[in-house]
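Each remark here refers to the structure printed beneath this line.
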Amino acid sequence: MKAEEARRLLRAARAEPDRNRQFLLVGAAITQILSTEPVVVGGTAQDYYTAPLYRPTDLDLCAPVTGRDADELRKLGFVRSGRHWVHDRTNVAVEFPEAAIDGDPERTTIFEIAAARVRIIGVDDLYLDRVRQATATESESDQAFQGAVVIAVARYEEIDWLYVKKVVDATRTAHRTLGEAMARINRKVRRRAKAAI
26 MKAEEARRLL
36 RAARAEPDRN
46 RQFLLVGAAI
56 TQILSTEPVV
66 VGGTAQDYYT
76 APLYRPTDLD
86 LCAPVTGRDA
96 DELRKLGFVR
106 SGRHWVHDRT
116 NVAVEFPEAA
126 IDGDPERTTI
136 FEIAAARVRI
146 IGVDDLYLDR
156 VRQATATESE
166 SDQAFQGAVV
176 IAVARYEEID
186 WLYVKKVVDA
196 TRTAHRTLGE
206 AMARINRKVR
216 RRAKAAI
């Protein structure tokens, strides 16, 4: 039953002209067959919250992939190619970068699509992910910094800034250098976002 539903969603993805919706349909299909519900992260999540300001190249899902899960992915037509699972009929490459999100699972969003659902990282944690990634260079031209700005501009009123501060402060306590860099990036991003709104 779940495998048939997954195949239905993959057929819908193949026919979907909008790339983000196509990725979310593939995510919903994979949700049907994995033993642990995956969470959409990365560029697809950014596109969901900021469309059409960003176009992902692959679908990133956080979930552990067991041997049984790998077998189910193969049965649906996914082929392992390096770190990606590629579905040729939809032309979507899926990566499982982590077993779980770096954030609060209670803050995730459920998106309903084609009578199915897919879980997406919460906007607060997606923003924090981009801020964390931007600490690698601390350059305002960095793609992660730009992503944080785009998310902040698109969803400024929805982002829980107290939660963001709490996570940055906790990071500063656990990893001083990283936390201080995140605080600097967060201040710069918020200034840029406020100026753009």
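Numbering (this note's numbering), first residue to last: 26 to 222. Even for Gly, the Cβ is constructed at its ideal location relative to N, Cα and C. Here the structure is a predicted model, which is why all the values come from computation and not from measurement.
**Item:** Span of the alpha helix (DSSP H) around residue 101
**Value:** For the purposes of this step, residue 101 is taken as residue 76 along the sequence shown, with counting starting at 1. Element bounds for residue 101: n/a, residue is neither H nor E.
**Asked** Which residues mark the beginning and the end of the beta strand (DSSP E) in which residue 121 is found?
**Response** As a first step, residue 121 must be located in the sequence shown, where it is residue number 96. Per DSSP, residue 121 belongs to no beta strand (DSSP E) and is neither H nor E.
**Under the three-state DSSP convention, the category residue 37 falls into** = Looking up residue 37 in the sequence shown gives position 12. Residue state, collapsed to three classes: helix.
**Prompt:** With DSSP run on the structure shown, which of helix, strand or coil describes residue 224?
**Reply:** Residue 224 is absent from the model: the chain starts at 26 and stops at 222.
**Request:** Please go through the segment 132-184 and give each complete alpha helix (DSSP H) segment of 4 or more residues, from N-terminal end onward.
**Result:** For secondary structure counted as the alpha helix (DSSP H) over 4 or more consecutive residues, the segment 132-184 holds these complete runs in sequence order: 148-159 and 168-180.
**Item:** Alpha-carbon to alpha-carbon, residue 61 and residue 126
**Value:** For the purposes of this step, residue 126 is taken as residue 101 along the sequence shown, with counting starting at 1. For the purposes of this step, residue 61 is taken as residue 36 along the sequence shown, with counting starting at 1. Going from the Cα of residue 126 to the Cα of residue 61 covers about 13 angstroms.
**Message:** Are the CB atoms of residue 108 and residue 123 within a distance shorter than 8 angstroms?
**Reply:** In the sequence shown, residue 123 corresponds to position 98, counting from 1. In the sequence shown, residue 108 corresponds to position 83, counting from 1. No, they are not a contact pair.
**Prompt:** Going by the CB atoms, is the gap between residue 85 and residue 102 shorter than 8 angstroms?
**Reply:** As a first step, residue 102 must be located in the sequence shown, where it is residue number 77. As a first step, residue 85 must be located in the sequence shown, where it is residue number 60. No.
**Item:** Entirely enclosed alpha helix (DSSP H) segments - the segment 39-81, minimum 4 residues
**Value:** 44-58 and 67-75
**Message:** Less than 8 angstroms between the beta carbons of residue 174 and residue 217, yes or no?
**Reply:** Within the sequence shown, the letter at position 149 stands for residue 174. Within the sequence shown, the letter at position 192 stands for residue 217. Going by C-beta atoms, residue 174 is nearer than 8 angstroms to residue 217.
**Asked** Could you give the distance in angstroms between the alpha-carbon of residue 144 and the alpha-carbon of residue 41?
**Response** Within the sequence shown, the letter at position 119 stands for residue 144. Within the sequence shown, the letter at position 16 stands for residue 41. One C-alpha to the other measures close to 19 angstroms.
**Request:** Measuring alpha carbon to alpha carbon, tell me which of 141, 132 and 136 ends up nearest residue 185.
**Result:** For this step, residue 185 is matched to residue 160 along the sequence shown. Looking at the Cα atoms, 132 is the closest of the given residues.
**Prompt:** Looking at residue 203 and residue 112, is the spacing between their C-beta atoms short of 8 angstroms?
**Reply:** Counted from its first residue, the sequence shown places residue 112 at position 87. Counted from its first residue, the sequence shown places residue 203 at position 178. Result no, Cβ atoms of residue 112 and residue 203 do not sit closer than 8 angstroms.
**Request:** Could you check what DSSP says for residue 83 in three-state terms: helix, strand or coil?
**Result:** Working through the sequence shown from its first residue, we reach residue 83 at position 58. Here residue 83 sits in coil by DSSP.
**Message:** For residue 96, count the other beta carbons within 10 Å of its own beta carbon; 16 or more makes it buried, fewer makes it exposed. Which is it?
**Reply:** Counting from 1 along the sequence shown, the entry for residue 96 is found at position 71. Label assigned to residue 96: exposed.
**Item:** Minimum C-alpha distance to residue 117 - residue among 182, 47 and 214
**Value:** Mapped onto the sequence shown, residue 117 falls at position 92. It is 47 whose Cα lies nearest to the Cα of residue 117.
**Nearest-angstrom Cα separation, counted from residue 27 out to residue 212** = The sequence position of residue 212 within the sequence shown is 187, counting from 1. The sequence position of residue 27 within the sequence shown is 2, counting from 1. When only Cα atoms are considered, residue 212 and residue 27 end up about 45 angstroms apart.
**Request:** Leaving aside the five residues before and after residue 193 along the sequence, list all residues of the same chain whose C-beta is less than 7 angstroms from its C-beta, in chain order.
**Result:** As a working mapping, residue 193 is identified with position 168 in the sequence shown. So the list reads 204, 207, 208 and 211, once near-sequence residues are dropped.
**Asked** The alpha helix (DSSP H) with residue 214 in it runs from where to where?
**Response** Counted from its first residue, the sequence shown places residue 214 at position 189. Residues 201-221.
**Asked** How big is the Cα-Cα spacing for residue 191 and residue 197?
**Response** Along the sequence shown, read from residue 1 onward, the residue named residue 191 stands at position 166. Along the sequence shown, read from residue 1 onward, the residue named residue 197 stands at position 172. C-alpha separation (whole angstroms): 10 angstroms.
**Request:** Measure the alpha-carbon distance for residue 106 versus residue 219 and round it to whole angstroms.
**Result:** Counting from 1 along the sequence shown, the entry for residue 106 is found at position 81. Counting from 1 along the sequence shown, the entry for residue 219 is found at position 194. Distance from the CA of residue 106 to the CA of residue 219, rounded to the nearest whole angstrom, comes to 42 angstroms.
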